[in-house]
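Contents: one structure, followed by commentary.
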Amino acid sequence: MWRCIVFGLLTALLVPSAGFAQEKKKPNIIYIMSDDHANAAIGAYGSWLKPVVKTPNLDKLAKQGMRFTRSMVTNSICTPSRAAMLTGQYSHKNGVYTLNDMLDKGRIHLGHLMRMLGYQTALIGKWHLGIDPTGFDYWNVLPGQGVYINPKLRPIGAKAKELKEFTGGYSEDVITNLSIDWLKKRDKTKPFMLMCHFKAPHRPWDPAPRFKDLYKDVKIPEPETLYDDFKGRSKQVANIKMRIGDDFMERDLQKPIPMMQGKELRAWAYQEYLKRYLACVAAVDENVGRLLAFLEENGLSEDTIFIYTSDQGFFLGEHGFYDKRLMYDPALLTPLIIRWPGRTPAGSVNSDMIVNIDHAPTFLELAGGEAPKDMQGRSYKSILEGKTPPDWRQSVYYRYWMHLDGSHNVPAHYGIRTQRYTLIHFYGKHLDMKGAKKMDLAPEWELFDNQKDPQQVRNVFADPDYAPVLRELRMELDKRKRESGDEL
Ligand code: CA
């Protein structure tokens, strides 16, 4: 593996791309990644929540830049997604499969490579990769998940348990303040990459006091599938414990769960859940606005590529669910909005399939380098400039490894998403990097025609009309799985 990494480093350092010679000045990069922010909870994405959701700054960013409608993750859960972003690799390549895995301490990732290309680098906010951050000139991170109110953070150089408490602060405000402080103090002769990782809107949804009542008197519209009956679908999906109402705890809603059942409980809990979640989003949006204003006031807007995304999507009541993990669109897709003044057509919408392993190769190309050969993503720089390469991917491989973890009961599965279809195999085994452990569930499949069934409720796996499509998709799934190096 080391040989591969060293070779990759040499490639990154010694073979600047053709674009490098033409670039007079390397662009700065601000990468904002929130935690569990679903597309549906951004006005610009135009979901059923559009009439009520308030995200003026993100909507403005979408008007100034490019909004991606098919941005996806390889594994829809926090720690693995963060590792995939930094390493440009799938979980089975970078070794971070579940929330319990750690990033390899010696691992060379995006942070190191950007420094070698002359960038000043910082990571501020949520890290959640088990080890102390590596590869950044400066970091200041929440311990684990961190908390919303009076957060504590640990800066680079501090001892393991030496945390600084920000009394009276709210996590998103504190993370933004630290980000702006770092931007002010940076070496202005060098380009920078700032990774600003918000905690919100992760569970348990504690809004900032100023936004607590933002949605108090609003009736939140319900998604079409809030009362999904899972007819014709996999038993393993029907058994998932992410049901709004039934699987919430009092700490999630910060109030006693009333004596209700079924639809009545679902409808009540949905309102409570969404009001809290969207109020947390409000602080994210406001702080995105603060960072944009800082760039403007300091003459940095033109030279800075500004990226907003999340570590994965999230269920906001679709299929009656909250949480993520499952390869259905609400969890698989992430927001991705990018503003690159003078390059990215303002107000453009792109539907190419982007994956979170593409960010690292893209940033390296933007910095005048090239991705190491062992990165599995591909640079989308030309897409940002309005030109999709003719051989851009037409399918994405996905795999979830945190099987039946007890709290959510999400089964092991892998699959592919194409522009039109989603094919998922619930293979019924507990497999991990050490191989098969046990098998206790019958394997099942689901196939959705997302064009005819965007809500993903009609499983057409056994429908004879889809037999030819299914044959092709199964071949494509095998091919993508093999190509990604996933042998289990
Ligand atoms: Ca997350």
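Numbering (this note's numbering), first residue to last: 349 to 836.
Using N, Cα and C, we set each Cβ at its ideal position, and we do this for glycine too.
It should be emphasised that the depicted structure is a prediction, and the values quoted were computed from it without experimental measurement.
With DSSP as the reference, identify every bridge partner of L471, one or two as the case may be.
Along the sequence shown, read from residue 1 onward, the residue named residue 471 stands at position 123. The partner list for L471 (beta bridge, DSSP) reads W487 and M543.
Okay, do the segment 461 to 469 and the segment 762 to 769 touch, 3+ Cβ pairs below 8 Å being the bar?
The segment 762 to 769 and the segment 461 to 469 do not touch, with fewer than three beta-carbon pairs separated by less than 8 Å.
In the structure shown, what three-state DSSP assignment does P812 receive?
As a first step, residue 812 must be located in the sequence shown, where it is residue number 464. In the three-state DSSP reduction, P812 falls in the helix class (H, G or I).
Whole beta strand (DSSP E) runs in the segment 653 to 703 with 3 or more residues, listed along the chain?
684 to 687 and 696 to 698
Just reading off the alpha helix (DSSP H) that G637 is part of, what are its end residues?
The residue given as residue 637 occupies position 289 in the sequence shown. Per DSSP, the continuous alpha helix (DSSP H) segment holding G637 begins and ends at G610 to E645.
With a Cβ-Cβ cutoff of 8 Å, do D576 and V744 count as a contact?
Within the sequence shown, the letter at position 228 stands for residue 576. Within the sequence shown, the letter at position 396 stands for residue 744. Against a cut-off of 8 Å, the Cβ pair of V744 and D576 comes out as no contact.
With 16 other CB atoms within 10 Å as the buried threshold, where does P737 fall?
Counting from 1 along the sequence shown, the entry for residue 737 is found at position 389. Looking at its Cβ environment, which holds fewer than 16 other Cβ atoms inside 10 Å, P737 is exposed.
How about Q660: is its Cβ closer than 7 Å to a heavy atom in ligand 1?
Taking the sequence shown and counting its residues from 1, the one referred to as residue 660 is at position 312. Yes, ligand 1 has a heavy atom inside 7 Å of this Cβ.
Within 10 angstroms of its Cβ, does K829 collect 16 or more other Cβ (buried), or is it exposed?
If you number the sequence shown from 1, residue 829 lands on position 481. K829 is buried by the Cβ-count criterion.
On a CA-only basis, which of H756, A627 and I472 is nearest K589? Give me that one, please.
Start at 1 with the first residue of the sequence shown, and residue 589 comes out as number 241. Among H756, A627 and I472, the Cα nearest to that of K589 belongs to H756.
Who are M420's beta bridge partners in DSSP?
Counting from one through the sequence shown, the residue named residue 420 turns up at place 72. BP columns for M420 point to L681 and V703.
Could you tell me how far apart the beta carbons of N488 and I472 are, in whole angstroms, since I believe they sit closer than 8 Å?
Taking the first residue of the sequence shown as 1, we reach residue 488 at position 140. Taking the first residue of the sequence shown as 1, we reach residue 472 at position 124. Rounded to whole angstroms, the Cβ separation of N488 and I472 is 5 Å, and the two are in contact under 8 Å.
Hey, could you find the ends of the alpha helix (DSSP H) D315 is sitting in?
The structure shown does not extend to residue 315, since the chain is modelled only from 349 through 836, so no value can be given for it.
With three or more beta-carbon pairs closer than 8 Å as the criterion, would you say the segment 560 to 574 touches the segment 622 to 634?
yes
Do you know how far the Cα of G690 is from the Cα of Q412?
Translated into the one-based positions of the sequence shown, residue 412 becomes position 64. Translated into the one-based positions of the sequence shown, residue 690 becomes position 342. Roughly 10 Å between the two C-alpha positions.
Can H440 be considered in contact with ligand 1, in the sense that its beta carbon sits closer than 7 Å to one or more heavy atoms?
Taking the first residue of the sequence shown as position 1, residue 440 is located at position 92. Answer for H440: no, Cβ out of range of ligand 1.
Check G763 in the structure and name its three-state DSSP category.
Here residue 763 refers to the residue found at position 415 when the sequence shown is read from its first residue. Note: G763 maps to strand in three-state DSSP.
If I follow the unbroken beta strand (DSSP E) through R502, where does it start and stop?
Position 154 of the sequence shown, counted from the first residue, corresponds to residue 502. That run of the beta strand (DSSP E) goes K500 to P503.
Rounded to a whole number of angstroms, what is the C-alpha to C-alpha distance between E612 and L574?
Taking the first residue of the sequence shown as position 1, residue 612 is located at position 264. Taking the first residue of the sequence shown as position 1, residue 574 is located at position 226. Rounded to the nearest angstrom, the two C-alpha atoms are 12 Å apart.
Buried or exposed, going by whether 16 or more other CB atoms sit within 10 Å of the CB of F355?
The count along the sequence shown starts at 1 and reaches residue 355 at position 7. Caution is warranted here: a pLDDT of 41 is assigned to F355, below 50, making its placement in the model unreliable, and no coordinate value can be reported.
Locate the beta strand (DSSP E) running through V773, then write down its first and last residues.
The residue labelled residue 773 in the question sits at position 425 within the sequence shown. In the sequence on display, residue 773 carries His and not Val. Element bounds for H773: Y769 to F774.
Where do the N-terminal and C-terminal ends of the beta strand (DSSP E) with L732 fall, by residue?
Within the sequence shown, numbered from 1, the residue matching residue 732 stands at position 384. That residue, L732, is in no beta strand (DSSP E); its alpha helix (DSSP H) goes K729 to L732.
Thinking just about the alpha-carbon of each residue, which of L542, G391 and A556 is nearest to the one in P399?
Residue mapping note: residue 399 aligns to position 51 of the sequence shown, counting from 1. The residue from L542, G391 and A556 with its alpha-carbon nearest to that of P399 is G391.
Using a Cβ-Cβ cut-off of 8 Å (strictly less than) and excluding sequence neighbours within five positions of S730, which residues of its own chain qualify?
Against the sequence shown, residue 730 aligns to sequence position 382. Excluding sequence neighbours, S730 sits near T736 and P737.
Put M381 into one of helix, strand or coil per three-state DSSP.
Here the question's residue 381 lines up with position 33 in the sequence shown. Strand.
Flag this pair as yes or no: are the beta carbons of L601 and E620 separated by less than 8 Å?
Walking along the sequence shown from the start, residue 601 turns up at place 253. Walking along the sequence shown from the start, residue 620 turns up at place 272. Yes, the Cβ-Cβ distance between L601 and E620 is below 8 Å.
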